[in-house]
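Here's the structure we're looking at; comments come further down.
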Amino acid sequence: MNQRVLIYAFLSRVFSDVLDKQAVFELSQNSGLLDLIGVESSEWFKFGDLEKIEEELNIDFSSMFLLHTQPIESFVLDSKQEALVGLQNPVMAFYFQNGFEINMNQTEIISPDHLGIEFGFMQSVVFRDEVEAQKGFLREHLLKWVVPYLLGMKSMATTPFYRELFDFTIEFLLSDYEQLQNK
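Read in order, the letters of the sequence shown are residues 11 to 193 in my numbering.
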């Protein structure tokens, strides 16, 4: 399977909710992915107590994404911090134009422009090899807000995993867009 599909699926998962015991265990077993994210994260998972890591990750996630600022495009880009609904939301309109259906009743996420859902959309269009949709969504949405958002959030991260994940995500998005420009 396409590595990009797997990376977008992973990013969708880690930005959507706290990591449960199973997710932390699976991550600890994936040294290749941890090495990609960063040396400090890899060492932390390799030598740390998984129960303590799970607790610290969940505290970090909750503090950053639930208590401070949710990873929602319209919250970040609009000073009113309002989540637009339906096709009023430019992200939802982009999904609709590209055949991506989302049932917000099946998720605890409150907005279609939540980072986890946006990465899920990218996973879908990469899987379907829809290059123009990938380029357009990166250009019109993800690159406009995710890079500055994660740069700002990095100073709030207390775990090596989230600090390095933010850097990894930024580098991945920029590199992915650059590669797509050559297609």
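Note that CB positions come from ideal geometry on N, CA and C, so glycine has one too. Bear in mind the structure is a predicted one, so any value in this text is a computation, not a measurement.
Burial check for Thr-169: the Cβ neighbour count within 10 Å reaches 16 or more, so the residue is buried. Pro-158 is classed as exposed because its beta carbon has fewer than 16 other beta carbons within 10 Å across all chains shown. Rounded to the nearest angstrom, the gap between the Cα atoms of Arg-138 and Phe-20 is 17 Å. Under the Cβ criterion (8 Å, minimum of three pairs), the region 34-53 counts as touching the region 170-180. A straight-line Cα-Cα distance of about 30 Å links Ser-26 and Asn-192.
From the listed residues Met-166, His-151 and Arg-14, the smallest Cα separation to Phe-85 is found for His-151. Its chain contains Asn-99, Val-101, Met-102, Tyr-105, Ile-112 and Met-114 as the residues whose beta carbon lies nearer than 7 Å to that of Pro-122, once the 5 sequence neighbours on both sides are disregarded; these appear in chain order. A distance below 6 Å between beta-carbons, with the five flanking residues on each side excluded, links Asn-108 to the following residues of its chain, in chain order: Ala-143.
Closest in alpha carbon position to Ala-33, among Glu-53, Glu-61, Arg-14 and Val-15, is Glu-61.
Counting along the chain, Ser-121 sits inside no alpha helix (DSSP H), nor does DSSP assign it H or E at all. One alpha carbon belongs to Leu-77, the other to Ser-165, and they sit about 15 Å apart.
Remark: C-beta atoms of Leu-43 and Lys-56 do not approach each other more closely than 9 Å.
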